[in-house]
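To keep things clear, I will list the structure first and then write my remarks on it.
In our numbering, the protein residues as written are 212 to 433.
If you want it as structure tokens, here you go:
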């Protein structure tokens, strides 16, 4: 159980540090227009290391969250599918931190195209994971009381992603739309990591759920 809580704390730390880095960069780098420029544009110029480091920590934190959710949930196809998709998205975040970003106004490079492709793919892949996790939560006693919150946050993430893709297609404030989408996904990640960090029950080696008293109490009221 201690290990699951530590993995939750790692996920919470990664997403929180990334959020703080973005807030600092938006204040310190006023030349990056939040309505037109993507957050990846912070990678170039002053304090670029802060964005790259924050993105890397975010990805690593999500990998820890992936493992924590895997160990917390009972075995089953939904758990396996959700973990695979969430792990792929987390690995994509790490890869995006490592691949250089094209400077604003420059001609597209191979590295820049790869970076963009990774980011575009990571969003829908993670959304699939959020939906699968939500369904899995609803079917497991220890998580059932929290399934509603997961579904609600997943719906917000879906709306944010649709808005982002529409904004990119129409070339209308794509930067603002990306930030809204990113914030909606971060909300689910922070919520899930916080739940794990506070959890006091887990699934044992035989796949039997060990439910914490507070989870059981919440269950009885649902």
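Glycine included, each C-beta is placed from N, C-alpha and C at the ideal position. It should be emphasised that the depicted structure is a prediction, and the values quoted were computed from it without experimental measurement.
Could you check if residue i is buried or exposed, using at least 16 other CB atoms within 10 Å of its CB as the buried criterion?
| i | result |
| --- | --- |
| residue 361 | buried |
| residue 231 | exposed |
| residue 428 | Legend: pLDDT at residue 428 = 37, less than 50; position of this residue unreliable, value from coordinates given subsequently. Exposed, by the Cβ-count rule. |
| residue 290 | buried |
| residue 390 | buried |
| residue 320 | exposed |
| residue 212 | exposed |
| residue 365 | buried |
| residue 242 | exposed |
| residue 254 | buried |
| residue 238 | exposed |
Quick one: give me the first and last residue of the alpha helix (DSSP H) that residue i is part of.
| i | result |
| --- | --- |
| residue 353 | Looking at the DSSP string, residue 353 is not in any alpha helix (DSSP H), and its letter there is neither H nor E. |
| residue 315 | Taken as a continuous stretch (DSSP letters only), residue 315 belongs to no alpha helix (DSSP H), as it is neither H nor E. |
| residue 269 | 259 to 283 |
| residue 402 | 385 to 408 |
| residue 237 | 213 to 239 |
| residue 290 | 288 to 309 |
Quick check: residue i and residue j, are their CB atoms within less than 8 Å of each other?
| i | j | result |
| --- | --- | --- |
| residue 310 | residue 325 | yes |
| residue 357 | residue 406 | yes |
| residue 240 | residue 251 | no |
| residue 245 | residue 387 | yes |
| residue 374 | residue 343 | no |
| residue 284 | residue 218 | no |
| residue 216 | residue 410 | yes |
| residue 296 | residue 329 | no |
| residue 270 | residue 304 | yes |
| residue 268 | residue 403 | no |
| residue 224 | residue 259 | no |
| residue 372 | residue 348 | no |
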